[in-house]
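S.K.: One structure is given below, represented as structure tokens, and several questions about it will come after.
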Amino acid sequence: MPTVDAKPGPFTFDTDSTALVVIDMQRDFLMPGGFGESLGNDVSQLRRTIKPLADLMAAWRAAGLPIIHTREGHLPDLSDCPPAKLNRGAPSMRIGDPGAFGRILIRGEYGHDIVDELQPLPGEEVVDKPGKGAFYATDLSEILEKSGITSLVVTGVTTEVCVHTTVREANDRGYECLVLADCVGSYFPEFQRVGLQMIAAQGGIFGWVAHSPEVIAAIRE
Ligand code: C5J
22 MPTVDAKPGP FTFDTDSTAL VVIDMQRDFL MPGGFGESLG NDVSQLRRTI KPLADLMAAW
82 RAAGLPIIHT REGHLPDLSD CPPAKLNRGA PSMRIGDPGA FGRILIRGEY GHDIVDELQP
142 LPGEEVVDKP GKGAFYATDL SEILEKSGIT SLVVTGVTTE VCVHTTVREA NDRGYECLVL
202 ADCVGSYFPE FQRVGLQMIA AQGGIFGWVA HSPEVIAAIR E
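In this text, residue positions in the sequence shown follow my numbering: the first is 22, and each later residue adds one.
This is the structure:
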């Protein structure tokens, strides 16, 4: 079984029961001129994950292992967006408002979809989620159970929001999670640093942290 050097200690996984989860690598969050940048965020902090993630996905696919993509977003009528979420943020920059790439975080809009470099292949699962966590109000649990998946290699954006929420949800459900530092990103360098520390603290309070080249080497062996 592959083992990678990780914090707080080596992470061993069975390729028959491990999935790569790619969280919310959507144009609205990552594209220059898009929703994320219009809020004053530095999208380069997220975009640096695209290349290592593309390399990891290529190696993961070459090894015949499953990839699950997620997208954060809502139905066009916003019936799945609670007022507590909808009413937050700058007026005119809220979910459902017109943005540079269509209505912000609305399913079916160009900006809601995944960046060109990381597009899912036919047959790969794409989980549309209305919340920050990938388990809330989705069929992710059923997808994992039916495939016998017990370990997750977690990547995507943003580290302290949707990645963290998903890893915490997964940990509570009994999944072992390896988070890849170079394949997760935050608009805020401080949140990136502390967010990763929090995962591996206290003996791996809710997961392990490693880097993608080690995973790529491990699955090629
Ligand atoms: C945020 C996410 N940050 N995918 N979404 O609102 O982390």
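Glycine included, every Cβ here is placed at the ideal spot set by N, Cα and C.
Which runs of the alpha helix (DSSP H) spanning at least 4 residues fall entirely within the region 101 to 156, listed in chain order?
M.R.: List check, alpha helix (DSSP H) in window: 104 to 107.
S.K.: Run through the DSSP bridge pairs and tell me what Phe50 is partnered with.
M.R.: Note: Phe50 sits in no beta bridge, so no partner.
S.K.: Inspect the beta-carbon positions of Asp265 and Cys183 and report whether they are closer than 7 Å.
M.R.: No answer is possible for residue 265: it lies beyond the span of the chain, which begins at 22 and ends at 242.
S.K.: I'd like to confirm the pairing. Which residues does DSSP put opposite Gly206 in its beta bridges?
M.R.: For Gly206, which the question treats as bridged, DSSP gives the partners Val178.
S.K.: Can you determine whether any heavy atom of the ligand C5J sits closer than 6 Å to the C-beta of Glu93, and answer yes or no?
M.R.: Yes; taking the cut-off as 6 Å, the Cβ of Glu93 has a heavy atom of the ligand C5J nearer than that.
S.K.: If distances are taken between C-alpha atoms only, which option among Val42, Val188, Val64 and Pro53 comes closest to Phe209?
M.R.: The option with the nearest alpha carbon to Phe209 is Val64.
S.K.: Taking the alpha carbon of Ile220 as the point to measure from, which residue in Thr186, Pro234, Thr39 and Glu242 has its own alpha carbon closest?
M.R.: It is Thr186 whose Cα lies nearest to the Cα of Ile220.
S.K.: Any heavy atom of the ligand C5J closer than 6 Å to the Cβ of Asp45?
M.R.: The answer is yes for Asp45.
S.K.: Looking at the unbroken beta strand (DSSP E) that takes in Ala305, where does it start and where does it end?
M.R.: Residue 305 cannot be examined here, being either before or after the span of the chain that is shown, 22 to 242.
S.K.: CB Tyr196 to CB Leu173, shorter than 7 Å?
M.R.: Yes; because the gap between Cβ atoms is below 7 Å, this pair is in contact.
S.K.: Decide if Gly144 is buried, meaning its Cβ has at least 16 other Cβ atoms within 10 Å, or exposed.
M.R.: It counts as exposed.
S.K.: May I ask whether a heavy atom of the ligand C5J can be found less than 6 Å away from the beta carbon of Thr24?
M.R.: No, the Cβ of Thr24 stays beyond 6 Å of every heavy atom of the ligand C5J.
S.K.: For Arg189, which residues in the same chain have their Cβ closer than 6 Å to its Cβ, ignoring the five residues on either side in sequence?
M.R.: So the list reads Phe227, once near-sequence residues are dropped.
S.K.: Locate the alpha helix (DSSP H) running through Thr187, then write down its first and last residues.
M.R.: First-last of the alpha helix (DSSP H) with Thr187: His185 to Asp193.
S.K.: State the Cα-Cα distance for the pair Ala121 and Pro23, rounded to the nearest angstrom.
M.R.: Rounded to whole angstroms, Ala121 to Pro23 spans 43 Å at the Cα level.
S.K.: Does DSSP classify Phe32 as helix, strand or coil?
M.R.: Of the three classes helix, strand and coil, the one that applies to Phe32 here is strand, per DSSP.
S.K.: Using a Cβ-based criterion (distance less than 6 Å to any ligand heavy atom), does Val175 qualify as near the ligand C5J?
M.R.: No.
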